[in-house]
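Engineer: Sharing a structure, written as structure tokens. Questions coming.
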Amino acid sequence: MIYEIRFHGRGGQGVVTAATLLAEAAVFEGLWSQAIPFFGAERRGAPVVAFTRISNKPIRIYSQIYNPDAIVVLDEKLLQLRSILQGLKSNGIIVVNSSEKLKFPKIPSQRIFTVNATSIALKLGLVVAGWPVVNTAMLGAIARVLNIISIESIEECIRRKWRGEMGEKNSLAARLAYENIRERD
Amino acid sequence: MIYEIRFHGRGGQGVVTAATLLAEAAVFEGLWSQAIPFFGAERRGAPVVAFTRISNKPIRIYSQIYNPDAIVVLDEKLLQLRSILQGLKSNGIIVVNSSEKLKFPKIPSQRIFTVNATSIALKLGLVVAGWPVVNTAMLGAIARVLNIISIESIEECIRRKWRGEMGEKNSLAARLAYENIRERD
Amino acid sequence: MERVAVLSGNHAVAHAVKLCRPHVIAAYPITPQTQIVEKLAEFVERGELKAKYIRVESEHSAMAAIIGASAAGARVFTATSSQGLLYMHEAIWSAAGARLPIVMAVVTRAIFPPWNIWTDHSDILAQRDTGWIIAMAESNQEVFDMIIQAYRIAEDERVLLPVMIGLDAFSLSHTAAPVSLLDQDKVDKFLPPRRAFSFLLDIENPITMGNVAFPDHYMEFRYLIQKAMERAKQVIREVEEEFYEISSRKYGGLVEEYRCNDADVILVLMGAWSGDAKECADKLREEGLRVGVLRIRFIRPLPIEEIKRVSLGRKAVIVVDRDISFGGTGILFTEVSSILQQNSVTVRGFIAGLGGRDVTAKDFAQMVKQVYTDLEVGERRSRVEWYGVKEVI
Amino acid sequence: MERVAVLSGNHAVAHAVKLCRPHVIAAYPITPQTQIVEKLAEFVERGELKAKYIRVESEHSAMAAIIGASAAGARVFTATSSQGLLYMHEAIWSAAGARLPIVMAVVTRAIFPPWNIWTDHSDILAQRDTGWIIAMAESNQEVFDMIIQAYRIAEDERVLLPVMIGLDAFSLSHTAAPVSLLDQDKVDKFLPPRRAFSFLLDIENPITMGNVAFPDHYMEFRYLIQKAMERAKQVIREVEEEFYEISSRKYGGLVEEYRCNDADVILVLMGAWSGDAKECADKLREEGLRVGVLRIRFIRPLPIEEIKRVSLGRKAVIVVDRDISFGGTGILFTEVSSILQQNSVTVRGFIAGLGGRDVTAKDFAQMVKQVYTDLEVGERRSRVEWYGVKEVI
Amino acid sequence: MREKIVPISTPAKGAVGKTGFWRTFKPIIDREKCIKCLLCWLYCPEGAILRTDDDITIDYDYCKGCGICANECPRKAIEIVLER
Amino acid sequence: MREKIVPISTPAKGAVGKTGFWRTFKPIIDREKCIKCLLCWLYCPEGAILRTDDDITIDYDYCKGCGICANECPRKAIEIVLER
Amino acid sequence: MTITIKSLSREEYLLPGNASCPGCPASLGLRLLGKALGKNMILVVPASCTSIIQGPYPKTSIKLPLINVIFASSAATASGIAAALEILGKKGVHVVCWSGDGGTVDIGLQALSGAAERGDNILYICYDNEAYMNTGIQRSGSTPYGAWTTTTVLGKRRHKKNLPMMMVVHDVPYVATASIGYPLDFIEKIRKAARYKGFKYIHLLAPCPVGWRFPPSKTIEIGRLAVLTGMWPLYEVERGKFRLTGVSRSLLDKSKRSPIVEYIKIQGRFSHISEEEIRILEEYVDKLWEDIRKIIS
Amino acid sequence: MTITIKSLSREEYLLPGNASCPGCPASLGLRLLGKALGKNMILVVPASCTSIIQGPYPKTSIKLPLINVIFASSAATASGIAAALEILGKKGVHVVCWSGDGGTVDIGLQALSGAAERGDNILYICYDNEAYMNTGIQRSGSTPYGAWTTTTVLGKRRHKKNLPMMMVVHDVPYVATASIGYPLDFIEKIRKAARYKGFKYIHLLAPCPVGWRFPPSKTIEIGRLAVLTGMWPLYEVERGKFRLTGVSRSLLDKSKRSPIVEYIKIQGRFSHISEEEIRILEEYVDKLWEDIRKIIS
Ligand SMILES: Cc1ncc(C[n+]2csc(CCOP(=O)(O)OP(=O)(O)O)c2C)c(N)n1
Ligand SMILES: Cc1ncc(C[n+]2csc(CCOP(=O)(O)OP(=O)(O)O)c2C)c(N)n1
Ligand code: SF4
Ligand code: SF4
Ligand code: SF4
Ligand code: SF4
Ligand code: SF4
Ligand code: SF4
Ligand SMILES: [Mg+2]
Ligand SMILES: [Mg+2]
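Chains as they are written, first to last, in my numbering: chain A, 697 to 881; chain B, 697 to 881; chain C, 131 to 523; chain D, 131 to 523; chain E, 6 to 89; chain F, 6 to 89; chain G, 0 to 296; chain H, 0 to 296.
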């Protein structure tokens, strides 16, 4: 079993952190994982990607991910990018941070989920430098649809990363997203 | 035919210049030559050596000279050095700047010549920084004993190197040494 | 059991270094090595590592500073990459000539111009003449393990040479993966404090290091470096055995052999993409092609015997270089084929993946298949080609 | 006929450079290269050479300055040796990557520590990966000739790569020997002014040199350097032919073959001691041993075809290295035996003469005889040994 | 071809794309308040404020939304709103 | 052996031999004139002037004959003669 | 002879759509450099944020001939270009080094000092964002006391190297400081410098929102506060003659200077600074001005 | 607290029979260094005449732990040694860089400046013979205007780089100039420097008979003339406090300074200098002192 996830976000949104936390949660579950940042000009606001690779066996490949099983989009606006679904498996999953019902060109066999991570973040007061922090919420969402990593593991890894209140809030964000994710047509 | 000469002098006496001028004179005669400095700490007053290799064919070897045909000693005091005649061919020639009859341990088949280059230099006023300049005189002496390079070629090359009065004086020094060299017992 | 942490290759380096209790660290930042030096600076500032951290103004000075510290008896560390490695080239020679047991991590990265920060082995391999022991890791775990072993190798009296541990830019340096850590007391036992030798800088024993050696003396010092390199081979194997005792991990000494025993074709390479090559070997074996992987762990000292032994009697040896010696050819290819002189085995070289161009198991499979096809039509000539170059740019 | 002057190798370089009318010279002194830069500084100051002479504060800056000047369209020159060459290592890569037709003289010298200023080829050979064309001269005459040809090769549109011309410390650099000079007008005809290309720095055509290239672009630039290296082989031969027209001198292209035709054993080496090796060949032939000398003139681009052709069917090829890649072996040995992979010829290597240890025709004869003896008792295994190392120091 | 043997690049607007896409906040000029002092034009790090004769407009294709123009406008004639 | 694997050297007088041999000129102290001010001792680059209690002697094995001592002696108590 | 905004050309030499962060002082500085000198210049850029700002091959955002160079080599490369232009008879072209603080005060210092000593005909501009930003905010010799960076997580323990004054010691015809908070002053100094033959040096303070941890809208404001608090005196030294410029002219009088906390408190990099550390910074500023007083008197 | 000759130890740390030229200022300087600090120091020596003076393997003329290092690296190597000593708990050992002018003002400048900025605990001594002597007299950044060297055969066209004042700008605890003509002053400054923790810098003028072309007996005399003519002011800067020392104390008054031709005329390297060039040198000296006056006031 090997499972590959691509995260899309914008510089400053914590995309690499999300990919790494997911990898840590996988290890916490007794699985193997990798978190792979793609290094470009990670300017604030610029589109950024990162990857997580999860397997039940030690992972020895280090090449890049071309055909992810899932795509996580931290900012709805990124759906405008032509490249956003590039390579997604025909039975792949898309998880988008969105408040709306998405009209989005995809292959019928692919499934699309949305969760309003922004409103979760705002509700919890998770705001840094004017930006809602949505990466942890998105982890809760992906945990739900991946179904190989428990939300508890995600919460645990988040709490290990940020001690105290920050940890609590962020893990709660993940939990709320986990509970509120919806599948769209 | 290959002819190898080793010059002994002291730092500041122009030993390398002597070796080079001899090489130039050889080329002027239509022969082939090399002038090889040995690089150590060439401090003023410290013992220094240089070599000239002369041949009637192009010289292609660049290794050092171990068994010279002739040894030229610019400063009599250097005769105290144990290494002074090291490697000299059994039929080799020794030319020393000296005013005296030398008592010097050598193989009988070797020949020893002296010339008072210092007095020639002093007579001609060839003095730099308190030192008599003896290297050009010694070239005249070696020309005489080598017998493959004419004194005229030596004079010419000296005059090319130093234009004007300096050239004249130095070539005269060579000529005087050429004429006044003596063989000792 | 020790804790498993998900660490980037860079952080794996930093954690391993911390466990080795270096006295002096001097480093200069360069992408993609920065996380190493940042993490170590943090360890030191927060008091988690009792060491002096010198924030030098260049890599040349980084190496110079740890040369000084090592000559004064300290255990030392630095890390760099690409331009930084090239900038300290002169000092690199100096460290080896002085026989100082320095350990350095090198995040392998492409060389300017143009700017490119992705992996490429040309930088580390261009240092192969310098008298350093040079190794490349395949995984973050191995980076961690190699760093700790590096000190033992470097400080072994039979060796006394500096060691460079390479890890691929981004594919290892920035990719986070699980790493089994080791307890401090285990590492302390494995790696005792550095011993003082009589050639160190010490006011009670005034000696001069490195003054002029005339032609009648110089060559012997060079010879002694070469002798030490030869002895290092055995030391590397021994140290790995001992490390196995505390970690239950070993990789195979100077090289790692993966399914080589019965292989017809052997892929030879080093670094992170070796894992993809192994993946390729497994896949091709499913298709009936008997492929093995010989991973070069140490390129200096050169594993001559191992390469010879493993290559013996194969249909082909395929060397994949992530580097190029311009006007010559792939550096591994040159080394391997030199070892296999007087041997008729087909050695096929591919130059691939320069400047971080991705190479996957599929790509390796394509190389292997091409060689098989050639062999089938009787084309057995050794040669090198470039893989995956676009014709027009 | 042109004037014959008795010149040290260094002065031969300076005179050749002057004839090439460089616009910008930047250099930093180092024994045994100093005479080159002193002479050139004097030419410039005395108005005999219309050029800008930049008295840089280090070799890294020397190379940087001529990179800048060359990028702005100037013909440029520098010279260095040993530590200076190592100190500019990063910039050396940079010059080649930018495809600038720079010419540099390298007086080959041993590497610190300990200090040693005598000849050793490790310094120049340690630069063999960098994308420079690298040649070594045998005589002062050849140094003179090579410098002039170097500009033609470097500036040829099919090449556009920098060129390094090596000459042995002291044995060439300081040994004065007759050199046939060339008249300025002949050189002017042979070497026209440098042509301006569209990738130079020019306010009328603003372009950016060397900005970031992602993995999807970088590799092609490296490939193009390698292609240029391959084309350079032909260019080197052509340029030599043309040079012959003005000088009546030629040496044989990438290599010089001396009495190789009927030889049983070939000595392979480069640099000044090749003359001693030829002397040895002549002497041994008098004793009935058919020995030839294959002198490597250009080590980059590597004369693969030539080495292969000349080695074919010999009893043995003896490679004598004045260098060592620690933990590997002699650098020429590695290159030559790599070329002769799949070939059963015996390749014997000797590491000799490091740090200026003198090697004479007699020494070469001893190496050759040892190989003959081994062959007679059926010992045909290729291997490398050190020649003339004292056991105790 | 000759141009392309070396790593040289040619000038182009949008070398990394339409960077207006990076924007989270958007500056909007209030033409009532604006006195055309051009300070915003001078200070914009992107050159994303276009100066036509003596008027100004924002080139939203490239404005990265840093907010400097708004911060520096002496008339508070530029408002920053969340990008939609 | 271990000492000798690296290029280290040990201190010794006369590392390049008896450098008194380099001398062309020789300093000779006139003990009449000397007031034992030790200035010559202080200035000698070679450390070739030996200071015994409050007297001085020249170590001709190592004196290179630079003449500094003579030049600096306040009493002109050192004479320089041509070396024989 | 003060410059007006209106007089500035509309031509842009740093094209939009480049890779600078929002609010980047380096990109604004480059833009202003273009306004100051127009097309007649060749840029030399060592490794730095500016290497990235240009954007990747095959495009570039800079409409000037530009050569990217290895980190330690900008001044030397510029010397070479200037020499080439001179001997090839290309007149009226300025050779400008555009280098970060790391590439100036640390790894590029030697080449810089060498070129200055030789008096080579170049204009060297250091844009000083007070850390190695391109590699992710490590301390440089130019990072001020007390500032957090990733290699000084508890705050730097050494003061900023005073490069402009070191360049004054080199006795070159023109040295000036500038701040991105005062663009016209910067432009004026560039133009003044360009009138001299020989080596010219301008040190531009460039507050960086990413590295200094402030909102990108505050770049100019902080550049101004640096000057108003006296942390960054604006001056120029023409042929050895020292002169305060702009608002700094009135700041010799300490009472005219804003308290430095105004500058410090809005920067995240100083968020953990102690009272004691602020005092040390204040003393540093006082000494800066004391030295200036001496020079002027 | 002035030192007397008699109080100096007889112990020699530079042993006779070394490879210096007769009349060498570098070897005298080393000898004095030994007298100043005794055995408790480690020497760092970059490529220079001092590399040769030691003599060749397997012997050495220096009875102190000494590490020869690559040319550009002395200060950085010293930083490493100092760090090692500190963490290994070895107290009371001075780490001293003994470097030529080339290794200081040119190729070693960057490492030097870096170590100073970090405040590393070392004493850096530059013995300044105003050219690259070990390689045969090429100009350095420290060669004075008008001087012949093999790379400035018509006389150097640039002034000497003012390294001591650059080090003062680095704001280190101790900076001083010294001249081999005043050994006791030099020894005193070494001892003073050694009392400070942190970075200390001493710049020793070292007239070299070989490179400056004067008889070896005149080394001290010329070292004195440099000071008396005002060409080389003796001073020290302790914790930022500037103080002229020795005879230089009285030389602010130009009339007290000997004419610089007295210094110039006995040096072969200036033998072709013109009246105009002498004037330029005079102006240079006047400016030197003018700057000192400003600092002192
Ligand atoms: C020899 C070398 N060492 C390190 C680097 C890595 N590097 C590239 S840019 C940079 C930081 C530049 O800092 P600065 O000069 O202040 O410019 P900024 O990034 O802040 O604009 C570093 C350390 C390099 N390119 N070359
Ligand atoms: C990188 C490098 N470049 C050049 C040299 C050659 N070199 C050795 S000593 C020296 C001159 C040293 O000059 P300085 O520092 O003034 O000391 P001095 O010889 O005058 O005592 C030079 C250029 C070197 N060893 N290393
Ligand atoms: S700064 Fe404000 S007032 Fe001035 S032009 Fe811009 S928007 Fe108008
Ligand atoms: S927000 Fe920033 S980028 Fe956009 S126009 Fe204003 S200053 Fe320019
Ligand atoms: S300097 Fe003269 S007076 Fe003084 S001790 Fe020496 S010889 Fe005697
Ligand atoms: S002549 Fe020179 S070396 Fe001899 S004792 Fe006098 S000062 Fe010392
Ligand atoms: S880090 Fe700072 S200086 Fe660098 S590009 Fe971003 S804003 Fe500009
Ligand atoms: S050249 Fe000058 S400094 Fe060097 S050893 Fe000789 S006298 Fe001393
Ligand atoms: Mg910076
Ligand atoms: Mg010097």
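Glycine included, every Cβ here is placed at the ideal spot set by N, Cα and C. All figures in this text were calculated on a predicted structure; none of them were measured in a lab.
#1: Count the other C-beta atoms from every protein chain shown that fall within 10 angstroms of the C-beta of A/K819, then say buried if there are 16 or more, exposed otherwise.
#2: Give me the Cα-Cα distance between C/W223 and D/I241, rounded to the nearest whole angstrom.
#3: Go ahead and label G/H271 buried or exposed: buried means 16 or more other beta carbons lie within 10 angstroms of its beta carbon, across all protein chains shown.
#4: Return no unless some Cβ of chain E is closer than 7 Å to the Cβ of D/I523.
#5: Please report the straight-line C-alpha distance between G/G197 and H/L287, rounded to a whole angstrom.
#6: Do D/Q356 and C/S512 have their C-beta atoms within less than 7 Å of each other?
#7: Any idea what DSSP makes of C/H145, helix, strand or coil?
#8: Flag H/N17 as yes when its Cβ comes closer than 6 Å to any non-hydrogen atom of ligand 8, and as no otherwise.
#9: Against chain G, does E/V21 count as a neighbour if the rule is that its beta carbon must be under 7 Å from one of theirs?
#10: Could you give the DSSP three-state label for D/K408: helix, strand or coil?
#11: Any Cβ of chain F within less than 7 Å of the Cβ of B/G710?
#12: Quick check: is the beta carbon of H/L87 nearer than 7 Å to any beta carbon in chain G?
#13: Short of 7 Å Cβ to Cβ, which residues in the stretch 731–756 of chain A face chain G?
#14: Using the three-state DSSP reduction, which class does D/H219 fall into: helix, strand or coil?
#15: The alpha helix (DSSP H) with E/R89 in it runs from where to where?
#16: Among residues of its own chain, excluding the 5 on either side of D/M339, which ones have a beta-carbon nearer than 8 Å to its beta-carbon?
#17: Would DSSP call B/L822 helix, strand or coil?
#18: At least one CB of chain G closer than 7 Å to the CB of E/L87: is that the case?
#19: Under 7 Å Cβ to Cβ from C/K363, same chain only, skipping five residues before and after it: list those, please.
#20: Below 7 Å between beta carbons: does that hold for D/S303 and D/V237?
#21: Taking only beta carbons into account, state which residues of the stretch 50–69 of chain F come closer than 9 Å to chain B, listed in chain order.
#22: According to the Cβ coordinates, are H/A110 and H/S72 closer than 7 Å?
Structural biologist: Inspection of the coordinates gives the following:
#1: Taking the first sequence and counting its residues from 1, one reaches residue 819 of chain A at position 123. By the 10 Å Cβ count, A/K819 comes out exposed.
#2: As a working mapping, residue 223 of chain C is identified with position 93 in the third sequence. As a working mapping, residue 241 of chain D is identified with position 111 in the fourth sequence. Roughly 8 Å separates the two Cα atoms.
#3: Looking up residue 271 of chain G in the seventh sequence gives position 272. When all chains shown are included, G/H271 counts as exposed.
#4: On the fourth sequence, residue 523 of chain D is found 393 positions in, with the first residue counted as 1. Legend: pLDDT at D/I523 = 48, less than 50; position of this residue unreliable, value from coordinates given subsequently. No, D/I523 does not count as interfacial toward chain E.
#5: Numbered from 1 along the seventh sequence, position 198 holds the residue referred to as residue 197 of chain G. Numbered from 1 along the eighth sequence, position 288 holds the residue referred to as residue 287 of chain H. The alpha-carbon atoms of G/G197 and H/L287 are separated by roughly 21 Å.
#6: In the fourth sequence, the residue the question calls residue 356 of chain D occupies position 226. In the third sequence, the residue the question calls residue 512 of chain C occupies position 382. In this structure, C/S512 does not lie closer than 7 Å to D/Q356 by Cβ.
#7: As a first step, residue 145 of chain C must be located in the third sequence, where it is residue number 15. In this structure, C/H145 counts as helix in the three-state DSSP scheme.
#8: Along the eighth sequence, one-based indexing puts residue 17 of chain H at 18. It does not: the Cβ of H/N17 is nowhere closer than 6 Å to a heavy atom of ligand 8.
#9: Residue 21 of chain E sits at position 16 when you count from the first residue of the fifth sequence. By this cut-off, E/V21 is an interface position.
#10: Mapped onto the fourth sequence, residue 408 of chain D falls at position 278. Of the three classes helix, strand and coil, the one that applies to D/K408 here is helix, per DSSP.
#11: Translated into the one-based positions of the second sequence, residue 710 of chain B becomes position 14. Answer no: the Cβ-Cβ gap between B/G710 and chain F never drops below 7 Å.
#12: By 1-based counting over the eighth sequence, the position of residue 87 of chain H is 88. Judged by the 7 Å Cβ criterion, H/L87 is not in contact with chain G.
#13: A737, R739, R740, G741
#14: Taking the first residue of the fourth sequence as 1, we reach residue 219 of chain D at position 89. Helix.
#15: Stepping through the fifth sequence from its first residue, residue 89 of chain E is reached at position 84. Where E/R89 is concerned, there is no enclosing alpha helix (DSSP H), given that its DSSP letter is neither H nor E.
#16: As a first step, residue 339 of chain D must be located in the fourth sequence, where it is residue number 209. Cβ within range, chain order: A201, A228, F329, L331.
#17: Numbered from 1 along the second sequence, position 126 holds the residue referred to as residue 822 of chain B. Here B/L822 sits in coil by DSSP.
#18: The count along the fifth sequence starts at 1 and reaches residue 87 of chain E at position 82. Chain G contact via Cβ: absent.
#19: Stepping through the third sequence from its first residue, residue 363 of chain C is reached at position 233. Only L384, P431 meet the Cβ criterion.
#20: Here the question's residue 303 of chain D lines up with position 173 in the fourth sequence. Here the question's residue 237 of chain D lines up with position 107 in the fourth sequence. Yes, Cβ-Cβ distance for D/S303 and D/V237 is below 7 Å.
#21: K69
#22: Taking the eighth sequence and counting its residues from 1, one reaches residue 110 of chain H at position 111. Taking the eighth sequence and counting its residues from 1, one reaches residue 72 of chain H at position 73. Yes, these two residues count as a Cβ contact at 7 Å.
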